[in-house]
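Chemist: For the sequence shown, the numbering used here puts the final residue at 122, and the numbers step up evenly by one. Glycine is no exception: its CB is placed at the ideal position from the N, C-alpha and C atoms. Just so we're clear, the structure is a prediction, and the values are computed from it rather than from any experiment.
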Amino acid sequence: MKSNEFDTISSYNAHIKLALGIYPNVNPKRIIKIKSKDTALKECNRYLNKNYPRAKRIECKSTAAAMQEIMRTKSRTTASIGSEHGMNLYGLKILNYDIGDKKENYTTFILIKLK
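#1: If you compare alpha carbons, which of L121, K109, F116, I119 is closest to E50?
#2: Looking at the unbroken beta strand (DSSP E) that takes in K63, where does it start and where does it end?
#3: Who are the near neighbours of S18 in its chain, counting only those whose CB is closer than 8 Å to its CB and skipping five residues on each side?
#4: With distances taken Cα to Cα, identify the nearest neighbour of I39 among E111, K63, K68.
#5: Starting from K49, follow the alpha helix (DSSP H) in both directions and report where the run begins and ends.
#6: Have a look at R61 and A21 and give me their C-alpha separation to the nearest angstrom.
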């Protein structure tokens, strides 16, 4: 889509705080895989290197997809990175809050309308 094909209606800068979540009642020491969107995995690199250095990092199409998959499969060895809201929405137990490398992490959402 070319910029001359749409008008920007509004935009919103959202402060992004990422969390680490697991299937309820799972021992965090059993975590050997961490799934999330590629950008979320990169944004939490320091935390993951320090706390889960041996865990395999697996990219998913979205943070929501990673959380949904953990709940659907009842995985006892996989954690996910996503928003606190997403963790609560899908029923994951939050292990740690605000695990991103940058504390001032923002994403801009833009509402557009075709001309």
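Modeler: Checking against the coordinates, here is how it stands:
#1: K109
#2: 63-67
#3: T115, F116, I117, L118
#4: K63
#5: 45-50
#6: 31 Å
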